[in-house]
Every structure is written in C-alpha cells, then in structure tokens.
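In this note's numbering, the protein residues as written are 78 to 398.
What follows is a short report on a single structure.
What follows is the structure in structure tokens.
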C-alpha cells in the first residue's frame, strides 16, 4: 500500500510542479537565493523576529506573521500553531511537534505519538507553511513543489524561520525553562535545522527526512523518472541543478547539533517506503552516540506501538540520558 501510494504521489508531484510552464523555462531567482545563503547562512535572522508576540486564542490557536521575506515573488507566509496546555499548574517545559508532509492535523499526531499521556509538558503543534488552510491547493504541502528549486529552498527557509520565531515567542511570553522538539518526516527536517541553531533540551525524530534532495529524487517512481526529468529541465534551462537543494542539508558541515547526542532519539521503521533506512542512516553516521530504535512497521503504520510510544515518553520525560 505504501509503495503504491508513493508511486502515485511522485507522479502527482511531478505533474503539479509542471503546472506552470514559466517555471520550467526560467528561474531568475536561483543565483540571488544561493548567494544570500552563501553570504548570510541558511538560518539568517529576519527583520522583526524579536518583535513577535504570541496571543493564544480560545481553543489554543496561534497565528502570527512569518517575518521571512522571500527573495523571489511570493505571498507572505503565516506562523500557524495550536497550543495544548498541561493539566494542573503551569508547565515549565514545552514540546513542539512538527508534523509529517501531508497530515497537518494535531489530533492525528497526538493519537499517533500518544501525547495525551505525556506529563509535565505544554504541547504546541507547529503547522508548517503551505500546510495551513488557505495556503495549498489540491493537497497540503503541494506549495513546496516547484520546478524552480529556488522556490523550494525559500519555502523551507521560511518554515525554519517560522519555527524559530514560534519557539522564541512562546518562551518569551510563557517563560518555559526547557524546549524539546519532536519531528516526523518533513517535520524531522525542520527539527534538525532548529536543533542546529537553537538551544534545546531534547530532540526526538520519527522517520525523518534527512536530505530533502535525496527524498525528492527517490520518492516512489522518481528514482526511475528523475534522470529523464533532469535532462529535460537542463535542456530547457541550463542552470537547472538538483544539487542546489544540498544547501538544505542539516548534516552539512559546519552545521552541527547544539545539544548532546545522548539527548537525541531517532525512531525508524524498517519497511518505510517514504524515508527508507538508507536515507536516515547518515544521521547515525554523523552522530554515532544518538539513541536509535528500529521497528518493523512503515512510514504511516507503526509497528509495536506500545514499545514505540514508551521509548518516546521515556526520552521526553527525562528517563533517557
């Protein structure tokens, strides 16, 4: 089922990316975007970040402007999240959950990870840009897909900025003493970037996207289609290069996790067809002391759920090193 789904997904994304012929023919923002990252870094601060303030609406909703300013033409993103407060006295710890690619649904994420059993944390569900209502077309996340790789890079850079601003604004407004991150799939990519430049207490990753370029080129039938797509695009636009996405690699030196390796937990599924093990292994190669647990499920259907959620709660509640 997962293999069939990823095959259909890969074809759908390819067709969606080609919906605008102008994107196939030119990408005038490629050089400015790559030059800005080379000069200022992927995690460059944006004007107005320090002024962000969080107002939690009734029901826990959070919405504020994302201060990231696109180099290419693009509407301004929003920061969208939902906060669930712990029962009892005000919590001193915050867990930020970054969801998977197409499921920006706090209820589904809470049920999967059994977060209702987690003690001592307020939990905020960060809805990645292009996944909140009104920001996507046919399916959540399709806004990330474009033949202009500069747009893909900027969408991810904006998502990183939004996550950073959300965390800092919540800390400033509610005085959290510890912040931990839980990232699933593309949310794992965001969590890794955050852990590279923000002080965190703990980090948990579930089936994370480690290198976005590798995942995009190997998803479903893309491993067969990618060479033909690349040749076609390079014929239409000589400066097209999938290697541009390497600037988003969270493992690329000198980027490095700020927290100790023992405070990082990675949970993987051996039969994952969306982020297969060979894509995630470089994370363990780079950080050999991280905690690593493998189960026999798939990307969307976890195996041995009691052990899976027990490992996660033990780690987040402080039972792990």
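Note that CB positions come from ideal geometry on N, CA and C, so glycine has one too.
**Report entry** contact_flag[the stretch 127-134, the stretch 166-178] where n(CB pairs < 8 Å) is 3 or more
**Finding:** no
Query raised in the report: Is the CB-CB distance between residue 349 and residue 386 below 7 Å?
Result: no
Query raised in the report: Three or more C-beta pairs closer than 8 Å, one from the stretch 136-152 and one from the stretch 184-192: is that the case here?
Result: no
**Report entry** Given 8 Å, three or more beta-carbon pairs between the stretch 144-163 and the stretch 232-247
**Finding:** yes
Query raised in the report: At a cut of 8 Å, does the stretch 319-339 reach the stretch 352-366 through at least three beta carbon pairs?
Result: yes
Query raised in the report: Going by DSSP, which residues form a beta bridge with residue 158?
Result: 139 and 203
**Report entry** Test item: CB-CB of residue 150 and residue 181 under 7 Å
**Finding:** no
Query raised in the report: residue 250 lies in the alpha helix (DSSP H); which residues open and close that run?
Result: 226-251
Requested in this report: Assuming residue 357 and residue 285 form a contact by the criterion Cβ under 8 Å, report the distance between their Cβ atoms to the nearest whole angstrom.
Outcome: 6 Å
**Report entry** Residues near residue 247 by beta carbon distance below 7 Å, same chain, minus five either side
**Finding:** 131, 171, 201 and 253
Report task. Measure from the alpha carbon of residue 229 to the alpha carbon of each residue in 276, 249, 203 and 290, then state which is nearest. Result -> 290
Query raised in the report: Thinking C-alpha only, which one of 101, 84 and 81 is nearest residue 306?
Result: 101
Query raised in the report: From residue 126 to residue 95, what distance separates their C-alpha atoms?
Result: 34 Å
Report task. List the residues that DSSP assigns as beta-bridge partners of residue 153. Result -> Answer by DSSP bridge pairing: none, since residue 153 is not bridged.
**Report entry** For residue 257: DSSP bridge partner residues
**Finding:** 172 and 279
Requested in this report: Find the nearest neighbour of residue 273 within the set 83, 185 and 335, judged by alpha-carbon distance.
Outcome: 335
Query - Residues of its chain near residue 122, where Cβ-Cβ distance is below 8 Å and the 5 sequence neighbours each way are ignored - result: none
Query raised in the report: When we look at the beta-carbon of residue 99 and count the other beta-carbons within 10 Å, is it buried (16 or more) or exposed?
Result: exposed
Query raised in the report: What number of angstroms, rounded off, separates the C-alpha of residue 256 from the C-alpha of residue 308?
Result: 45 Å
Query raised in the report: Is residue 370 helix, strand or coil by DSSP?
Result: strand
Query raised in the report: Apart from the five residues just before and just after residue 143, which ones in its own chain have a Cβ nearer than 8 Å to its Cβ?
Result: 153, 154, 155, 156, 206, 235, 238, 239 and 242
Query - Presumed contact (8 Å Cβ cut-off) between residue 147 and residue 79, rounded CB distance - result: Rounded, the Cβ-Cβ distance is 34 Å, inconsistent with contact.
Report task. Go through the stretch 281-306 residue by residue and report every complete run of the beta strand (DSSP E) that reaches 3 residues or more, in order. Result -> none
Requested in this report: Return the first residue and the last residue of the alpha helix (DSSP H) that residue 111 is part of.
Outcome: 107-117
Query raised in the report: Quick one, are the C-beta atoms of residue 163 and residue 198 less than 7 Å apart?
Result: yes
Query raised in the report: Helix, strand or coil: which one does DSSP assign to residue 147?
Result: coil
Requested in this report: Grab me the residues of residue 178's own chain with a C-beta within less than 7 Å of its C-beta, minus the 5 sequence neighbours each way, in chain order.
Outcome: 218, 262 and 263
Query raised in the report: Among residues of its own chain, excluding the 5 on either side of residue 93, which ones have a beta-carbon nearer than 6 Å to its beta-carbon?
Result: 219 and 222
Requested in this report: Along the alpha helix (DSSP H) that carries residue 360, what are the first and last residues, could you check?
Outcome: 354-363
Report task. Could you please give the first and the last residue of the uninterrupted alpha helix (DSSP H) stretch that includes residue 266? Result -> 263-274
Report task. Express the C-alpha separation of residue 260 and residue 267 in angstroms, rounding to a whole number. Result -> 7 Å
Report task. State the beta-bridge partners of residue 27 as determined by DSSP. Result -> Coverage of the chain is limited to positions 78 through 398, which leaves residue 27 absent and any answer about it impossible.
Query - Own chain residues within Cβ distance below 6 Å of residue 300, not counting five before or after - result: none
**Report entry** residue 424 to residue 296 span [Cα, whole Å]
**Finding:** Residue 424 falls outside the range modelled here, since the chain spans only 78 to 398, and no answer is possible.
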